[in-house]
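See structure below.
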Ligand code: BTN
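Numbering (my numbering), first residue to last: 1421 to 1663.
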């Protein structure tokens, strides 16, 4: 596949693109067999062993950078739906903003990072798919809501085939008209229509998740009225559980 670099080992695929951004073309993608210092959202680390598929795609000077995180989530769901067997398709969804879940377990995390140079903004869209780790891996990493495709479906799709399919979908959905992706994202988003716990620096708030704003913010309502939350500032959980 054009402009998809496969490394044996890397600290972080997002960091690889960041270091080399000036020389890399738009839509360049990189993956690695092993990622040793992966980064997650909100300053977390992204624990991994060789059972995780890390990849990053560079979107240079996107028209609407704030929509990329939604676009990437929808792209991963499409790729998984096509490669993991029809029977799990109805269970694939997105916990806002972009944890891809099957049932109530997280199988993929997405970290979109902006790189500003002068007036332009480039976005590195980093995706980590849990392919073959076992239950013990997630328990010892302190993420019991995580699961791999192998745990949930009995088998994991071929690593390179899945990587190529996700890259192809991300490239396509990051360049097309946002209207169609936005509606698709909202249909996939399992957070909508639920009571949720919004956890921020100043504590926790319970609200009803109503909608997704076109900039990706979650539109909520509680006894004080409507408000929007930004995924960079809060995390959202179900009332009783992760989803
Ligand atoms: C999350 O916190 O849910 C987002 C995790 C994103 C992990 C991926 S793995 C590939 C890319 N490189 C990184 O260092 N992080 C992202």
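All C-beta atoms in this analysis are idealised placements derived from N, C-alpha and C, irrespective of residue type, glycine included. Everything numeric in this text was worked out from a predicted model, so none of it was measured.
At the C-beta level, residue 1559 and residue 1528 stay beyond 8 Å of one another. Inside the stretch 1509-1556, DSSP marks whole beta strand (DSSP E) runs of 3 or more residues at positions 1512-1515, 1519-1522, 1525-1537 and 1540-1550, from first to last along the chain.
Following the DSSP letters along the chain, one finds residue 1479 inside the beta strand (DSSP E) bounded by residues 1472-1479.
By the neighbour-count definition (other C-beta atoms within 10 Å, threshold 16), residue 1455 is a buried residue. Taking one beta carbon from each stretch, the stretch 1464-1483 and the stretch 1438-1450 have 3 or more pairs nearer than 8 Å; the two touch. Non-local beta-carbon contacts of residue 1653 in its own chain, meaning distances under 8 Å to residues more than five positions away in sequence, involve 1620 and 1621 in chain order. In this structure, the alpha-carbon of residue 1564 lies about 42 Å from that of residue 1538.
For residue 1464, the shortest separation between its Cβ and any heavy atom of ligand 1 lies below 7 Å. Proximity of the stretch 1569-1587 to the stretch 1500-1513 meets the contact definition, three or more beta-carbon pairs being nearer than 8 Å. At a threshold of 7 Å, residue 1434 counts as near ligand 1, since its beta carbon sits closer than that to one of the ligand's heavy atoms.
Ligand 1 never approaches residue 1579 closely enough for any of its heavy atoms to be under 7 Å from the residue's Cβ.
Not one heavy atom of ligand 1 lies closer than 7 Å to the C-beta of residue 1623.
Secondary structure at residue 1495: helix, using DSSP grouped into helix, strand and coil. The C-beta of residue 1494 has 16 or more other C-beta atoms within 10 Å across all chains shown, which makes the residue buried. Collapsing the DSSP output to three states places residue 1594 in coil. Measuring C-alpha to C-alpha distances from residue 1613 to each of 1601, 1597, 1632 and 1570 identifies 1632 as the nearest. Contact between residue 1490 and residue 1636 holds: CB atoms are separated by about 5 Å, below the 8 Å threshold.
Per DSSP, residue 1655 is one residue of the beta strand (DSSP E) stretching across 1655-1658.
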